[in-house]
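Presented below is the structure to which this report refers.
Numbering (the numbering used here), first residue to last: 16 to 170.
Have a look at this one:
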């Protein structure tokens, strides 16, 4: 299925691409993923639980709860992240280097979104191949506070 056919009746507000996967955020807040899911980066079951680890048909990522509205999405090499309008950060996919911001206690990969705890109210994410910067604006100033996690946990 081609991208244009899959979302022809929807308004796409954001698209993010990883090495071999893509996230699509629609105006109504629904999030879809397609591509390789070897490490759970699509936010759906993988491995023996799934029929395949790769899909060209968009699948719904529905693990944020009905009260969460997404503001930003992003992809690293083989992980995905989402930022809510209330400043919460969620991550899923490969965590081999701690790039999900969940510390070393989490398994190597997660196929469901998990909230990154102990973060202040985040305004924006900057996501690289295996690193993330969370940007916080404090006290109403225009000077951001950068919270990096580079090949490691957020704590």
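We put the CB at the ideal spot given by N, CA and C, even for glycine.
Practice item. Mind checking who residue 38 pairs with in its DSSP beta bridge? Key: 31, 48
Review point. Would you say residue 49 and residue 74 are within 8 Å of each other, going by their C-beta atoms?
Key: yes
Note to self: Tell me the residue span of the beta strand (DSSP E) that contains residue 91.
What the structure shows: Counting along the chain, residue 91 falls outside any beta strand (DSSP E), and DSSP gives it neither H nor E.
DSSP state of residue 77, grouped into three classes?
coil
Which of the three DSSP states, helix, strand or coil, is assigned to residue 6? The structure shown does not extend to residue 6, since the chain is modelled only from 16 to 170, so the question has no answer here.
Tell me where the beta strand (DSSP E) around residue 106 begins and ends.
104 to 109
Can you tell me whether residue 99 is buried or exposed, with buried defined as 16 or more other CB within 10 angstroms of its CB?
-> buried
**Asked** DSSP three-state call for residue 148: helix, strand or coil?
**Response** strand
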